[in-house]
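**Q** Can you keep this structure in mind? I'll have questions shortly.
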Amino acid sequence: MSADRPQRLQDLIAFLRTIQKPTKRIENVGVDDSLFASGLVDSLAIIQIVLYLETTYGIDFAASGMDPERLGTMTSILDLIEETRR
Amino acid sequence: MQFHEDPRVIVWWQTKMGGMLRWLTPFRRRAILAVGGLWVCIRESLESFGPADVPVPADRLGPLLVVVALLGMTWLFYRAATEFSRLPQFVRKHPQLSLHSVYWAFLVVLWTSTPDSGLWRQVLFGVAAMFPFLLWRFGYLLLSGQHGRMSGTRFSDHFLTIWPIYGGSNAPYGKGFGYLSRFEAKNEEELARSQLAGIKLFILSNLLLVAMKVLEGVFYGPGNALTKMIGGYTLGIPTVGYLISIEGKNTAIWISWISIYCELVYQVLRHAVRGHLVIAVLRIFGFNVFRNTYKPLLAESIVDFWNRYYYYFKEIMANFFFLPTFTQLGRTLRNWPTLRLFAAVFAAAFIGNSYYHLIKFSDVMVQGQVFEGLYALRSRIFYCFLLALGIFVSMLREQRRGGCPPPQGQANRLLRIAGVWTFFALIYIWNVGVGAPFTSRLSFFLSLFGIA
């Protein structure tokens, strides 16, 4: 696990707070909980996460392909960031 | 907490149904669904011989060959997904495009071959007529292969989603097995919870069916058995289909408005009744997946309504059109995020939606009448255009709000809900039936605003 991971998690939570649905709160979602099942985001709002990862970490989804499941939990998003930065 | 989530009810169900829950292991549940799938394959194949003007096999050998061909194709796509990394580079890079190319190749062969080509052509007719039902299911199968989620799964596991005994339309409710397995009950307690959720949905489906019948009788008339129980009273509101046919003439504007809202409620009920039944069966078999319809009439934005109205259809559009377009345009349109969003939304809600409905006309497609099909769908295509426009604006507004809640208060909330109802009620004018001329729909639309 990368030493930057806790900081990235905090950044991710701060970002997810900006796209959360009015009736849902990021504070009620665990790092391994599904962002979709929790109702925090849906498969259309997922593009916000894509944009965040592209601009913040330079991930090129056009080259790597997009698997929505990889963006399903905070843990899997952090794993994806680490994989692409190796 | 709802009754199916109450730990006491779950324990009670486990006690009462202990033997059944123990016997229904994941393997057995999947096996039952897979055996049922074989029956669905045979039944659906035989039903594909419906159109009288399509030269499909009339003897026993022909339908049997179609069933065998469809089973063989299912196996081949399963193998392709399992061996995804060994497929040709183009297919690995564009699996969905390759899949749809197979369908179109079948069509081209049919269109270019002569009617007296023999049995193989008749069998191909049967296969091509069934293909739109399989396309999105094979699509999810290939998606599982592409994302490396085929390991540890059997052919029968995927077979049960490709030929679903639990029902559905061309849109696979519960998506593919890769998705279903994430929601599968792993122990007796989870199975009990899933089954109770399924039973709740089954009851809800029947209650909504009663509501639908009451709406049919009370609003539209003539009365039915249910409305007779409440005195046989009917408001006699004309249906949107009828109002379009008379272009809204000789009808009070307020009645036309009530009619379009009634149509919206009716369509939501219709979708919910059917979808709840399918998801109820899936849940009873231990797949505790999302509902197909989840309170869309309470949605406060257009995009939220679309998400809640017909979830598994929207997932097709999102998975096969929206997300691929959005990510592929990442390089070229990185500095134009609004244009990128616009392209992705229109690829899904306009192009994908229209394409889905075009290929649903199986008998038209196999006979090479693509342009006739497009012409018949012209109103629906316009509906898709308006829908895409609405979703784009709605997504843009949500993005620009940046997580800030919309104006609070019941009045504001009601206003937003009313706006969503009005949008969908109005665009539905172009989605009712397929027979009405476009101009009649336009005239009716204008009549709602007093423009004759």
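Here the protein sequences come in this chain order: A and P. Taking numbering that gives the first Met the number 0, the leading residue of the first sequence gets 0, the next gets one more, and so forth. Taking numbering that gives the first Met the number 0, the leading residue of the second sequence gets 0, the next gets one more, and so forth. The beta carbon of each residue, even a glycine, is placed where N, CA and C say it ideally should be.
Taking C-beta pairs closer than 8 Å, name the residues in chain P that alanine 61/A reaches, listed in chain order.
**A** Position 62 of the first sequence, counted from the first residue, corresponds to residue 61/A. Here the neighbours are Thr326, Gln327, Leu328, Gly329, Arg330.
**Q** For leucine 50/A, which residues in chain P fall below 8 Å Cβ to Cβ?
**A** Residue numbering aside, residue 50/A sits at position 51 when the first sequence is read from its first letter. Here the neighbours are Pro336.
**Q** Taking the alpha carbon of alanine 298/P as the reference point, which residue from Leu388/P, Leu60/P, Ala127/P, Arg412/P has its own alpha carbon closest?
**A** Sequence index remark: in the second sequence, residue 298/P carries index 299 (1-based). It is Arg412/P.
**Q** What residues from chain A crowd round histidine 146/P, counting only those whose CB sits closer than 7 Å?
**A** Working through the second sequence from its first residue, we reach residue 146/P at position 147. Simply Asp66, Glu68.
**Q** Based on the DSSP secondary-structure assignment, which residues constitute the bridge partners of glutamate 183/P?
**A** Position 184 of the second sequence holds residue 183/P. BP columns for glutamate 183/P point to Phe286/P.
**Q** Kindly list, in the order they appear in chain C, the residues whose Cβ is closer than 7 Å to that of glycine 401/P.
**A** The structure shown contains no chain C; its protein chains are A and P.
**Q** Of the residues that make up the segment 300-312 of chain P, which ones have a beta carbon closer than 7 Å to any beta carbon in chain A?
**A** Answer in chain order: Val302, Asn306.
**Q** Does the beta carbon of leucine 322/P come closer than 7 Å to any beta carbon on chain A?
**A** By 1-based counting over the second sequence, the position of residue 322/P is 323. Taking Cβ atoms only, chain A reaches closer than 7 Å to leucine 322/P, which makes this a yes.
**Q** Would you please state the rounded distance, in angstroms, between the beta carbons of glycine 61/P and valine 122/P? I believe it to be under 8 Å.
**A** Residue mapping note: residue 61/P aligns to position 62 of the second sequence, counting from 1. Residue mapping note: residue 122/P aligns to position 123 of the second sequence, counting from 1. About 6 Å separates the two Cβ atoms, so the contact holds.
**Q** Leaving out the 5 sequence neighbours to the left and right, which residues in its chain are closer than 6 Å to glycine 285/P when beta-carbon positions are compared?
**A** For the purposes of this step, residue 285/P is identified with residue 286 of the second sequence, where counting begins at 1. Within the same chain, glycine 285/P has close Cβ partners Arg28, Glu183, Ala184, Leu190, Ser193.
**Q** Please state whether the Cβ-Cβ distance between arginine 148/P and glycine 177/P is less than 7 Å.
**A** Your numbering for residue 148/P matches position 149 in the second sequence. Your numbering for residue 177/P matches position 178 in the second sequence. In contact: arginine 148/P and glycine 177/P (Cβ atoms closer than 7 Å).
**Q** Just checking: is the beta-carbon of isoleucine 97/A within a distance shorter than 7 Å of some beta-carbon in chain P?
**A** Summary: the structure shown does not reach residue 97/A, with chain A confined to residues 0 through 85, and so no result is reported for it.
**Q** Would you tell me roughly how many angstroms separate the C-alpha atoms of proline 323/P and methionine 65/A, rounded to the nearest one?
**A** The count along the second sequence starts at 1 and reaches residue 323/P at position 324. The count along the first sequence starts at 1 and reaches residue 65/A at position 66. In a straight line, the C-alpha of proline 323/P is about 7 Å away from that of methionine 65/A.
**Q** Is any beta-carbon of chain P found at less than 7 Å from that of isoleucine 58/A?
**A** For the purposes of this step, residue 58/A is taken as residue 59 along the first sequence, with counting starting at 1. No - not a single Cβ of chain P is within 7 Å of the one on isoleucine 58/A.
**Q** Can you list, in chain order, the residues of its chain whose CB lies under 6 Å from that of phenylalanine 201/P, leaving out five sequence neighbours each side?
**A** Numbered from 1 along the second sequence, position 202 holds the residue referred to as residue 201/P. For phenylalanine 201/P, where only same-chain residues beyond five positions count, the Cβ hits under 6 Å are Ala279.
**Q** In angstroms, rounded to a whole number, what distance separates the CA positions of tryptophan 119/P and aspartate 362/P?
**A** Indexing the second sequence from 1 puts residue 119/P at position 120. Indexing the second sequence from 1 puts residue 362/P at position 363. Taking the straight line joining both Cα atoms gives about 18 Å.
**Q** Quick one: which chain P residues come within Cβ less than 7 Å of aspartate 41/A?
**A** Numbered from 1 along the first sequence, position 42 holds the residue referred to as residue 41/A. What aspartate 41/A touches in chain P: Asn306.
**Q** Closest to asparagine 352/P by CA distance: which of Phe319/P, Gly329/P, Thr331/P is it?
**A** Locating residue 352/P in the second sequence gives position 353, counting from the first residue. Of the listed residues, the one whose Cα sits closest to asparagine 352/P is Phe319/P.
**Q** So, using beta-carbon positions, are leucine 70/A and isoleucine 46/A closer together than 7 Å?
**A** Here residue 70/A is taken as the residue at index 71 of the first sequence, counted from 1. Here residue 46/A is taken as the residue at index 47 of the first sequence, counted from 1. No, the Cβ-Cβ distance between leucine 70/A and isoleucine 46/A is not below 7 Å.
**Q** Measuring straight from C-alpha to C-alpha, what distance separates isoleucine 198/P and isoleucine 283/P?
**A** Position 199 of the second sequence, counted from the start, is the residue given in the question as residue 198/P. Position 284 of the second sequence, counted from the start, is the residue given in the question as residue 283/P. The alpha-carbon atoms of isoleucine 198/P and isoleucine 283/P are separated by roughly 7 Å.
**Q** What do you reckon, are the CB atoms on leucine 159/P and alanine 33/P nearer than 7 Å?
**A** The sequence position of residue 159/P within the second sequence is 160, counting from 1. The sequence position of residue 33/P within the second sequence is 34, counting from 1. Going by C-beta atoms, leucine 159/P is nearer than 7 Å to alanine 33/P.
**Q** So, with DSSP's three-state summary, where would you put arginine 10/A?
**A** Translated into positions along the first sequence, residue 10/A becomes position 11. Residue identity differs from the one stated: residue 10/A is aspartate in this sequence, not arginine. DSSP places aspartate 10/A in helix when its eight states are reduced to three.
**Q** Does any residue of chain P have a CB that is nearer than 7 Å to the CB of isoleucine 46/A?
**A** For the purposes of this step, residue 46/A is taken as the residue at position 47 of the first sequence. Yes - at least one Cβ of chain P is within 7 Å of the one on isoleucine 46/A.
**Q** With burial defined as no fewer than 16 other Cβ atoms inside 10 Å of the residue's Cβ, what is the status of tyrosine 374/P: buried or exposed?
**A** The count along the second sequence starts at 1 and reaches residue 374/P at position 375. Classification of tyrosine 374/P: exposed, given that the 10 Å Cβ count is below 16.
**Q** Does the beta-carbon distance from cysteine 261/P to tryptophan 162/P come in below 7 Å?
**A** Position 262 of the second sequence, counted from the start, is the residue given in the question as residue 261/P. Position 163 of the second sequence, counted from the start, is the residue given in the question as residue 162/P. No, the pair does not count as a contact, with Cβ atoms beyond the cut-off.
**Q** May I have the straight-line CA-CA distance separating histidine 157/P from leucine 134/P, to the nearest angstrom?
**A** Numbered from 1 along the second sequence, position 158 holds the residue referred to as residue 157/P. Numbered from 1 along the second sequence, position 135 holds the residue referred to as residue 134/P. C-alpha separation (whole angstroms): 14 Å.
**Q** For cysteine 403/P, name the three-state secondary structure that DSSP assigns.
**A** Walking along the second sequence from the start, residue 403/P turns up at place 404. Three-state DSSP puts cysteine 403/P in coil, outside helix and strand.
**Q** Touching or not, the segment 374-386 of chain P and the segment 429-446 of chain P, by the rule of three or more beta carbon pairs under 8 Å?
**A** The segment 374-386 of chain P vs the segment 429-446 of chain P: in contact.
**Q** Applying the criterion that 16 or more other CB atoms from any shown protein chain within 10 Å of the CB defines a buried residue, is tryptophan 420/P buried or exposed?
**A** Position 421 of the second sequence holds residue 420/P. The residue is buried, with at least 16 neighbouring Cβ atoms inside 10 Å.
**Q** What three-state label does DSSP hand tryptophan 420/P in the structure shown?
**A** For the purposes of this step, residue 420/P is identified with residue 421 of the second sequence, where counting begins at 1. Helix, per DSSP.
**Q** Assign tryptophan 452/P to one of three DSSP states: helix, strand, or coil.
**A** Outside the displayed range of chain P (0 to 451) lies residue 452/P, so it cannot be described from this structure.
**Q** If we count the other Cβ atoms within 10 Å of its Cβ and call it buried at 16 or more, is methionine 19/P buried or exposed?
**A** Stepping through the second sequence from its first residue, residue 19/P is reached at position 20. It is exposed - the Cβ of methionine 19/P has fewer than 16 other Cβ atoms within 10 Å.
**Q** So, do the segment 102-112 of chain P and the segment 340-347 of chain P have three or more beta carbon pairs nearer to each other than 8 Å?
**A** Touching, no, given that fewer than three Cβ pairs across the two stretches are closer than 8 Å.
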